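Residue numbers (my numbering): 859 to 1318.
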């Protein structure tokens, strides 16, 4: 039997005893008011129909649910709230399965955590990245994730803001099953996979399994670990507000009954929402999106960049080199003599050695990255680069001399960039016979960490 309920952007259809709840809110199934209202109505419908034995939540298109609807940022709230929706999913009297493909981020993952069973497809990405916007998960993520994957792992997931792959999520306990890729393209249909899992659960007599009821293991051992994490987070996150609040919420998940933990999460979420740090990070988020819309960028034809040259191996030059290497590019660094280039390479290697010491990089990954790095004391080695960035000290005559050399050795069409923060770009460009290829790329230190780049366009 197939029936359609009038609920856009959430559609209902029944397949045997399973009510399929499809979220269709392109492009990424963001959790706008219509989606929240549709999910709430779907749970009511499921419980009202005697022939519905289980519920399957899936996303249409390329994602499960990629998070909040940014169009609602700064707008008056429209009911129901996401915590109310998640509570209703979790309290459903019939088993609820979330079939996750593509992105399940932020509130999207919180919806999945509120389901009773979770299935991940091969390309799924599961994460709680709210910290990147100065927030914390505010719909039960701080309380449910620790019950599934352990308090410390959940805290690290939220503090990093980085997603887990399907395999990593399974290993962590965040999902119950991963599905093998099928077909020539390696794709899997989330609805078909979810229906198969839901029907298997029904055949086994599986009952609803609210995440809120799951215990957190070894609480006594976890609390000192959270104390240490709080101290470490305080050092790493100076000037930020939400990271320590995340740790506080996870501690509440360990120490308090679920409902009290939820109340604390909501209170701290509101504190984060009203913080100047959140306002600044959200402003930066939208500013990054706006950079793609500037008229000059839209009217220009991009030049392909695969090989980058960096002139200067000091702190700034090394940071720019690391940023380019991390972007997957090939880099040639040029310095004036052997001792200087050795110091420049040491600066670069120090960054990666630090990551290895922190467990964030393997020696093999460092070796693979450094294989794309070439040190040199000869400008001629920049003859094949697509982009060269000058990062020598702030002296106009020195920079003019550098650009005269670059003009001599670089191929036609190469972009010649200066990292100057205040010198006259036009004067530097005038030192070349191709001022139209000269720009300013002002990185902020440390260049491999600061996600800010000022682009300065000369008059010609």
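Idealized CB from N, CA, C, for every residue including glycine. Because the structure is a prediction, the values reported are computed rather than measured.
Who are the near neighbours of residue i in its chain, counting only those whose CB is closer than 8 Å to its CB and skipping five residues on each side?
i            : result
residue 1265 : 1274, 1289, 1290, 1291, 1292
residue 1202 : 1170, 1171, 1172, 1175, 1176, 1179, 1191, 1193, 1233
residue 862  : Annotation note: pLDDT 44 at residue 862 (below 50); position unreliable, coordinate value reported separately. Here the set comprises 869, 870, 871.
residue 1073 : 1005
residue 1199 : 1171, 1191, 1192, 1193, 1233, 1234, 1235
residue 1042 : With a pLDDT of 46 at residue 1042, under the threshold of 50, the modelled position of this residue cannot be trusted; read the value that follows with caution. Excluding positions up to five away in sequence, the list is empty.
residue 1331 : This structure cannot speak to residue 1331, because the chain is shown only from 859 to 1318.
Do residue i and residue j have their CB atoms nearer than 8 Å?
i            : j            : result
residue 989  : residue 1101 : yes
residue 1174 : residue 1011 : no
residue 1105 : residue 1167 : no
residue 1002 : residue 972  : yes
residue 997  : residue 1084 : no
residue 1130 : residue 1017 : no
residue 952  : residue 908  : no
residue 1014 : residue 950  : no
residue 934  : residue 983  : no
residue 1204 : residue 1235 : no
residue 1296 : residue 1272 : no
residue 1140 : residue 992  : yes
residue 1069 : residue 968  : no
residue 1077 : residue 1112 : yes
residue 978  : residue 1053 : no
Is there a C-beta anywhere in chain D that falls below 8 Å from the one on residue i?
i            : result
residue 1049 : Absence of chain D from the displayed structure is noted, only one protein chain being present.
Measuring straight from C-alpha to C-alpha, what distance separates residue i and residue j?
i            : j            : result
residue 981  : residue 915  : 17 Å
residue 1044 : residue 1025 : No answer about residue 1044 holds up, because its pLDDT of 49 lies below 50 and its placement is not dependable.
residue 900  : residue 879  : 7 Å
residue 1318 : residue 1206 : 34 Å
residue 1282 : residue 1212 : 36 Å
residue 891  : residue 966  : 14 Å
residue 1127 : residue 1006 : 21 Å
residue 1280 : residue 1316 : 13 Å
residue 1162 : residue 928  : 32 Å
residue 1310 : residue 1301 : 7 Å
residue 1095 : residue 1308 : 14 Å
residue 926  : residue 1114 : 27 Å
residue 964  : residue 1086 : 26 Å
residue 1312 : residue 1056 : 52 Å
residue 1299 : residue 986  : 33 Å
residue 1231 : residue 1186 : 11 Å
residue 1089 : residue 1286 : 48 Å
residue 1080 : residue 1000 : 15 Å
residue 877  : residue 959  : 18 Å
residue 902  : residue 1277 : 59 Å
residue 867  : residue 961  : 18 Å
residue 1261 : residue 1159 : 24 Å
residue 1181 : residue 945  : 43 Å
residue 1099 : residue 896  : 33 Å
residue 932  : residue 1136 : 12 Å
residue 1152 : residue 1165 : 26 Å
residue 1259 : residue 1216 : 41 Å
residue 1134 : residue 1314 : 29 Å
residue 1210 : residue 1238 : 28 Å
residue 930  : residue 1208 : 43 Å
residue 1214 : residue 1116 : 38 Å
residue 883  : residue 1071 : 31 Å
Give me, in chain order, the residues of the same chain whose beta-carbon lies closer than 7 Å to that of residue i; leave out the 5 immediate sequence neighbours on both sides.
i            : result
residue 1092 : 1102
residue 1241 : 1267, 1268, 1269
residue 1183 : 1189, 1227, 1230, 1231
residue 1256 : 1250
residue 1065 : 953
residue 1143 : 991
residue 1284 : 1316, 1317
residue 924  : 886, 887, 888, 961, 963, 966
CB-CB under 6 Å to residue i, same chain, minus the five flanking residues each way: which ones, in chain order?
i            : result
residue 938  : 894, 898
residue 956  : 915, 970, 973, 976
residue 1023 : none
residue 1060 : 911, 912
residue 1110 : 1119, 1122
Can residue i be considered in contact with the ligand ATP, in the sense that its beta carbon sits closer than 7 Å to one or more heavy atoms?
i            : result
residue 1192 : For the structure depicted, the ligand ATP is absent and the ligand set is empty, with no information on it obtainable.
Segment contact flag, the segment 1240-1254 with the segment 1211-1222, C-beta cutoff 8 Å, min 3 pairs: Because the criterion of three Cβ pairs below 8 Å is not met, the segment 1240-1254 and the segment 1211-1222 do not touch.
Contact the segment 883-899 vs the segment 914-923: 3+ CB pairs below 8 Å: Yes, the segment 883-899 is in contact with the segment 914-923.
At least 3 beta-carbon pairs within less than 8 Å: the segment 1048-1067 vs the segment 872-881: Between the segment 1048-1067 and the segment 872-881 there are three or more C-beta pairs closer than 8 Å, enough to call the two in contact.
Three CB pairs or more closer than 8 Å across the segment 1112-1122 and the segment 1137-1150: With contact defined as three or more Cβ pairs closer than 8 Å, the segment 1112-1122 and the segment 1137-1150 are not in contact.
The segment 928-942 contacting the segment 1025-1036, beta-carbon criterion three pairs below 8 Å: Segments in contact, no.
In chain order, each alpha helix (DSSP H) run of at least 4 residues that lies wholly inside the segment 889-940: Whole alpha helix (DSSP H) segments, 4+ residues: 891-906.
Continuous alpha helix (DSSP H) assignments of at least 4 residues falling wholly in the segment 940-1026: Runs of the alpha helix (DSSP H) inside the segment 940-1026: 940-948, 965-972, 999-1007, 1009-1018.
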